[in-house]
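Reviewing the structure listed below.
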Amino acid sequence: MYRLSRMIFMLLLLVPVSGYSRPAGEKEPGTLDLKEVIFTHLGDEYSWELPWGAAIHLPVIVRDYTGEWHCFSSGYLEEEGEHEGFYIAREGTHAHKIVGRDEAGDEYRPLDFSITKNVVAIGIGAFFTALMAFSLSRYYRRNRFKAPRKGTGFLELLVEMIYKEVVVEVLEKDARRYGPYLLTLFFFILLSNVLGMIVVFPGGANVTGNISVTLVLALCTFVVVNVSGTRHYWREIFWPEVPLWLKVPVPLMPLIELFGVITKPVALMVRLCANMLGGHLISLVLVSLIFLLGAMGSAAMGGTIVVSVIFSLFMNVLHLLIAFIQAYVFMMLSTIFIRLARE
Amino acid sequence: MSLFTPELGLVLWMLIIFLILLGVLGKYAWPAIIKSVDERAAFIDKGVEYTREAEKDREQARADARVLLTDARKQQMEIMQQAERAKQEIIDNAQKTAAHEAKRIMESARLSIEQARVDAEFQLRERAGMLSLQIAEQVIRRNLAGEEAQMELIEKLLKEGEE
């Protein structure tokens, strides 16, 4: 309690300093387009912004309407630049995406396989997942029958929690077959979620809050569930045990069941995406509030800094909890769907 | 809204990266980890089972030892009783033998005393006879003057003989 009050006091001390230290001419608060800033941060980007104005320019790989491939650094597109006929759209349906102009001069979206910020972030997430799993397996190779301590012990705790408490409990004899998939799923989502909360380089990308990423994850679960479906599972879908009139002239129940097959992964996709997006959004909004209210003067800005920092700290702690819960829920529901298909 | 429209490029990259990750971890990491964890769990279970068994064995051994100890005590008691009995017997025997021996010795002593007495009697008799003869000889030699003198002589001779 003493520590907490001291921390708040320190933050209060910062107020006037922060309030006065921002030169009024640095950036006109009124000109700041908050919506633009927030949505740029939430979406994908072609380069990775670093502190102090630096940036990592990532490769752009696009195919134009003639079928020709173009590959160049996104550095050419900085500051509304144009390269090989491509530029980043400012507004419209393709806002913040690379677009080109065809012969008629109309804007079109080329096939875009650029290594974007999110692609790199996915790679980093995958790298950390692999690093973690291999550090654990290497520990076991070196220390047979010895329980790990500290960090490795924590990893083992997580693995045991996922595998023993969920996968084995739900899938029983199929646990060994689906365990690797479910464990990979859980740790990849968890690490991506947590990396997304780190503000600077290795993290900060809104990976799991991006619908494309969760789409792939949900698709994987969809494929795994339906590939491992037994005859019983398919019979339950196309010939469920309901009165005959519900399925013969008009296949009402089979239609509903089929719809359920698709909505399950869709729900997974939307749930994870919306939760993580929400977490990022609230952090961004709370920080933006400082700039928004900063226009009213130093005192308002100072006050907002204190409130925003405390509140966003609280929201971040909540977000950390949600990061874990969502990874767990995604994995657990996948497990349950597999189990239902295996019955 | 662009936030909720999947990007083909990102989907593809995500799919590639995730499948590679899944393939690599699914082949080289997770099975090894799961195997190790399971093996260790089995090892610990076995250890616990072993300990429990050992505990039971020890308990059994303790009970066995107790039984053995009781038996040994009983045997000890029996042996001591036997020893006591044997001792008594030996003492009895010894006493009997001693009594017998004593009786025998007494008997022989009695016999030898008897013998000695008989011998002594015989000697006495012989001596008395001899004395009588001597006395008689003296008496005869003195010619026996008067009664008084005779008596005196007899007295004197008897005294001599007694000496």
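Line order of the protein sequences matches chains A and B.
So this note's numbering is basically just the index in the first sequence, starting at one, shifted up by 478.
So this note's numbering is basically just the index in the second sequence, starting at one, shifted up by 1210.
Yeah, the Cβ is synthetic: ideal placement off N, Cα and C, and Gly gets one too.
Test item: CB-CB of residue i and residue j under 8 Å
i                 : j                 : result
Phe1253 (chain B) : Val694 (chain A)  : no
Leu660 (chain A)  : Val677 (chain A)  : no
Leu435 (chain A)  : Ile715 (chain A)  : Since the first residue shown for chain A is 479 and the last is 821, residue 435 (chain A) is missing from the structure and cannot be characterised.
Leu673 (chain A)  : Ala599 (chain A)  : yes
Leu536 (chain A)  : Phe679 (chain A)  : no
Ile788 (chain A)  : Val703 (chain A)  : no
Ser786 (chain A)  : Ala1239 (chain B) : no
Ile1243 (chain B) : Tyr656 (chain A)  : no
Thr476 (chain A)  : Gly1236 (chain B) : The displayed coordinates of chain A run from 479 to 821. Any statement about residue 476 (chain A) would go beyond what the structure contains.
Ser552 (chain A)  : Val540 (chain A)  : no
Pro743 (chain A)  : Thr782 (chain A)  : no
Ser690 (chain A)  : Glu1217 (chain B) : yes
Thr708 (chain A)  : Ala533 (chain A)  : no
Gly1219 (chain B) : Asp580 (chain A)  : no
Asn794 (chain A)  : Ser766 (chain A)  : no
Glu821 (chain A)  : His710 (chain A)  : yes
Phe666 (chain A)  : Leu1213 (chain B) : no
Phe664 (chain A)  : Met809 (chain A)  : yes
Met675 (chain A)  : His519 (chain A)  : no
Pro1241 (chain B) : Pro658 (chain A)  : yes
Tyr554 (chain A)  : His548 (chain A)  : no
Leu730 (chain A)  : Leu724 (chain A)  : yes
Thr692 (chain A)  : Leu649 (chain A)  : no
Ala773 (chain A)  : Leu668 (chain A)  : no
Leu1334 (chain B) : Gly1371 (chain B) : no
Expected contact under 8 Å - CB spacing of residue i and residue j to nearest Å
i                : j                : result
Val603 (chain A) : Ser670 (chain A) : A small fix is needed here, since residue 603 (chain A) is Gly in this sequence, not Val. With 8 Å as the limit, Gly603 (chain A) and Ser670 (chain A) qualify as a contact, their Cβ atoms being about 4 Å apart.
His572 (chain A) : Arg587 (chain A) : 5 Å
Leu512 (chain A) : Leu764 (chain A) : Their Cβ separation, rounded to whole angstroms, is 12 Å, which puts Leu512 (chain A) and Leu764 (chain A) out of contact at 8 Å.
Asp542 (chain A) : Gly583 (chain A) : That belief does not hold up - the Cβ atoms of Asp542 (chain A) and Gly583 (chain A) are roughly 14 Å apart, past 8 Å.
Ile516 (chain A) : Leu791 (chain A) : Their Cβ separation, rounded to whole angstroms, is 19 Å, which puts Ile516 (chain A) and Leu791 (chain A) out of contact at 8 Å.
Residue range of the unbroken beta strand (DSSP E) whose run includes residue i
i                 : result
Tyr565 (chain A)  : 564-566
Trp1223 (chain B) : Unbroken run through Trp1223 (chain B) is the alpha helix (DSSP H), 1218-1234; no beta strand (DSSP E).
Ser525 (chain A)  : 525-527
The alpha helix (DSSP H) enclosing residue i, as first and last residue numbers
i                 : result
Pro847 (chain A)  : A query on residue 847 (chain A) cannot be resolved here, the shown segment of chain A reaching from 479 to 821 and no further.
His548 (chain A)  : Taken as a continuous stretch (DSSP letters only), His548 (chain A) belongs to no alpha helix (DSSP H), being part of the beta strand (DSSP E) at 547-551.
Gly578 (chain A)  : Note, Gly578 (chain A): premise wrong, no alpha helix (DSSP H); beta strand (DSSP E) at 576-579.
Glu822 (chain A)  : No answer is possible for residue 822 (chain A): it lies beyond the span of chain A, which begins at 479 and ends at 821.
Trp712 (chain A)  : 709-716
Ser706 (chain A)  : That residue, Ser706 (chain A), is in no alpha helix (DSSP H); it is neither H nor E in DSSP.
Met809 (chain A)  : 776-820
Ile676 (chain A)  : It is not in any alpha helix (DSSP H) - Ile676 (chain A) carries neither H nor E in the DSSP assignment.
His519 (chain A)  : 512-520
Gly1371 (chain B) : 1357-1372
*Report yes or no: do three or more beta-carbon pairs, one from the stretch 519-527 of chain A and one from the stretch 589-602 of chain A, lie closer than 8 Å?*
Yes, the stretch 519-527 of chain A touches the stretch 589-602 of chain A.
_For the pair the stretch 636-645 of chain A and the stretch 1241-1248 of chain B, tell me if three or more CB-CB distances fall below 8 Å._
yes
*asked:* Check whether the stretch 1333-1346 of chain B and the stretch 1360-1371 of chain B are in contact - that is, three or more C-beta pairs closer than 8 Å.
replied: yes
*Say whether the stretch 1216-1224 of chain B touches the stretch 608-628 of chain A, bearing in mind that this needs 3 or more beta-carbon pairs closer than 8 Å, one atom from each stretch.*
Taking 8 Å as the limit for Cβ pairs, the verdict is that the stretch 608-628 of chain A does not touch the stretch 1216-1224 of chain B.
*Assess, as a yes-or-no matter, whether the stretch 742-756 of chain A is touched by the stretch 684-704 of chain A under the definition of 3 or more beta carbon pairs within less than 8 Å.*
yes
_Across the stretch 800-809 of chain A and the stretch 566-584 of chain A, are there enough close Cβ pairs to call them in contact, namely three or more that are closer than 8 Å?_
no
*Report the residue ranges of all alpha helix (DSSP H) runs contained in full by the stretch 736-761 of chain A; include only those spanning at least 4 residues, in chain order.*
none
_Quick check for students: name the residue ranges of the alpha helix (DSSP H) that lie wholly in the stretch 571-636 of chain A, counting only runs of 4 or more._
595-620
_Completely contained beta strand (DSSP E) runs for the stretch 1273-1315 of chain B, where each covers 3 or more residues_ = Note on the stretch 1273-1315 of chain B: there is no whole beta strand (DSSP E) run with a minimum of 3 residues.
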